[in-house]
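Residue numbers (our numbering): 29 to 198. Here's the structure, in structure tokens; my notes come after.
Pasting the structure below:
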């Protein structure tokens with residue numbers, strides 16, 4: 029990480045809306061490095077589109093449809109998955125005690141909705157709704173980042189897969 033700079037990796041996603049209409053999943057195996065520092069950020073994952081949503085997908089909020097606006101952060105010695113929202117972040121679950129071990133994150137998108145179920149190290153958490161928001165990371169591109177120019181954990185990624193389900197046969 030360069031001093032006073034955030035890093036990011038991006039990959040275009042041609043039809044991001046199909047992740048909501050057809051469903052799919054994001055799987056990521058990663059690990060953080062560095063000593064525990066409470067409230068420090070790790071990996072951020074973002075994807076939004078400026079394409080209008082079909083009527084079948086209801087999404088609350090104002091701004092653009094954010095399919096992914098998530099980051100990892102440590103609090104009270106735990107590594108948490110957070111939902112990044114302008115109106116205030118929400119904790120979605122925890123991976124357990126912070127360590128430099130490999131972690132697995134899976135986000136399962138339900139077809140025809142804005143519902144996502146997180147799986148942290150194989151354990152499913154409560155489903156939640158993705159929202160419209162005015163954040164600016166990830167327009168039509170899956171974006172990995174450390175979010176801030178301030179101190180963050182180092183991030184290693186072993187695998188990252190974004191799968192969009194095939195269209196339903198008629």
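Just so it is clear, CB atoms sit at the ideal spot from N, CA and C, and this is done for glycine as well.
Taking residue i as the reference, give the member of the options with the closest Cα.
i: residue 153; options: 161, 114 and 109; result: 109
i: residue 150; options: 57, 125, 105 and 35; result: 57
i: residue 124; options: 68, 157, 106 and 193; result: 106
i: residue 35; options: 189, 179 and 196; result: 179
i: residue 175; options: 63, 71, 61 and 53; result: 71
i: residue 102; options: 116, 82, 127 and 92; result: 127
i: residue 194; options: 138, 37 and 117; result: 138
i: residue 77; options: 41, 55 and 104; result: 41
i: residue 32; options: 163, 177 and 121; result: 177
i: residue 186; options: 69, 129, 197 and 163; result: 129
i: residue 79; options: 43, 117 and 131; result: 43
What does residue i pair with, by DSSP beta-bridge criteria?
i: residue 111; result: 98 and 118
i: residue 178; result: Paired residue(s): none; residue 178 is not in a bridge.
i: residue 161; result: 92
i: residue 201; result: For the chain, the structure presents residues 29 to 198; residue 201 sits outside this window and is missing.
i: residue 125; result: 106
i: residue 136; result: 53 and 145
Once the 5 residues before and after residue i are set aside, which same chain residues still bring their CB inside 7 Å of it?
i: residue 39; result: 169 and 170
i: residue 140; result: 49, 84 and 85
Give me, in chain order, the residues of the same chain whose beta-carbon lies closer than 6 Å to that of residue i; leave out the 5 immediate sequence neighbours on both sides.
i: residue 147; result: 134
i: residue 74; result: 96, 97, 165, 166 and 171
i: residue 188; result: 56
i: residue 51; result: 137, 138, 139 and 193
i: residue 117; result: 110
Are there 16 or more other CB atoms within 10 angstroms of the CB of residue i, so buried, or fewer, so exposed?
i: residue 90; result: exposed
i: residue 192; result: buried
i: residue 184; result: exposed
i: residue 67; result: exposed
i: residue 65; result: exposed
i: residue 115; result: exposed
i: residue 190; result: buried
Can you round the beta-carbon distance between residue i and residue j to whole angstroms, since I take them to be within the 8 Å contact cut?
i: residue 119; j: residue 161; result: Actually they do not touch by this definition, with Cβ atoms about 17 Å apart.
i: residue 136; j: residue 53; result: 5 Å
i: residue 158; j: residue 94; result: 6 Å
i: residue 143; j: residue 155; result: 5 Å
Counting only the same chain and skipping the five closest in sequence on each side, list residues whose C-beta sits under 8 Å from that of residue i.
i: residue 182; result: 29, 60, 61 and 62
i: residue 81; result: 45, 48, 87 and 93
Would the C-beta of residue i count as close to the ligand FMN, meaning under 6 Å from any of its heavy atoms?
i: residue 110; result: The ligand content of the structure shown is nil, which means the ligand FMN is not present either.
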